[in-house]
Amino acid sequence: MSQTTFDVDPANLDPNGICENQTAALNAALVLNGALCDAGTAGKFEISDTYSSGCGGIKLLFASAGNIGTVIFTITGKDENGITISPAETVTGVATTAVSTVKYYSEITAIGTSVAAVSSNVFIGTVGGELVTRAVPLNKYAMESSVVAIVARSGIAQFRTQEAFDDLNFVAPADLRWMDKTGDAALVLTINATAARIVVDSYTDGAEFQAIVSTNPFT
């Protein structure tokens, strides 16, 4: 069997790690000035600057002290597999309750605004700690199941394994339909699964784990 190893060691949670408190005029872009953006190329988030190689992408959390629910934020970036997200994701309804993105990001180059000015300080970060590994292709024709094993773990992290069954020759990674696979630290995937990944729903600062996906080789 072949193996893919994930070292999932995320950066500490940072409520304004992407954008620090700021307002913006109508149709102006936010400044990517958080600590996670300043770690590498200024004004740009790249996950490899602050997260370990096993972290594919993170979700963003938009928050504001006031109601800016009419503003539409448009995110330009790449997903957990390094593919440009198209069409770009939009986030609306940001008020005193924070709003999370649906997609995961490995890179962010711009966050634009439209419809209304950002009249109350908005900040964007990673509170909640949602992230995902990249997708691992599996051999759907293998006669034996692939296995996901957690080989080391420290701190508090809540995570789950997902598998997909779409034909990777015709379905792009961003369009895979993921399903949760329940099990323990040595989880046996379903025969004929075509891809697997690990989703982290939350973690505390300092938490990390290592996982190995053992797959039957393609022939």
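So the sequence shown is numbered by this note's numbering: it starts at 52 and just counts up by one.
Virtual Cβ for every residue (Gly too), placed ideally from N, Cα, C.
Predicted model only: the values in this text are computed from it and were never measured.
Query: Rounded Cβ spacing between L64 and D256 (contact assumed at less than 8 Å); Result: 6 Å
Query: Coarse secondary structure for C88, derived from DSSP in three states; Result: helix
Query: Sequence-distant residues of the same chain with beta carbon closer than 6 Å to T177, five excluded per side; Result: L64, D65, G68 and I109
Query: Other residues of its chain near I119: CB distance less than 8 Å, five sequence neighbours each side excluded; Result: V145, A146, A167, V169, S170, S171 and V173
Query: 8 Å Cβ cutoff, D231 in contact with chain C; Result: Here there is only one protein chain, and chain C is not present.
Query: Inter-residue CB distance, L112 and A139 (contact presumed, cutoff 8 Å); Result: So it is not a contact: roughly 18 Å between Cβ atoms.
Query: DSSP state of S104 mapped onto helix, strand, coil; Result: coil
Query: Buried versus exposed call for R228 [16 or more other C-beta atoms within 10 Å across all chains shown]; Result: exposed
Query: Distance CB(A262)-CB(V199) smaller than 8 Å; Result: yes
Query: Every unbroken beta strand (DSSP E) within the region 129-184, with a cutoff of 3 residues, ordered by chain; Result: 140-142, 158-165 and 169-176
Query: Beta-carbon proximity list for V222, same chain, < 6 Å, skipping 5 on both sides; Result: none
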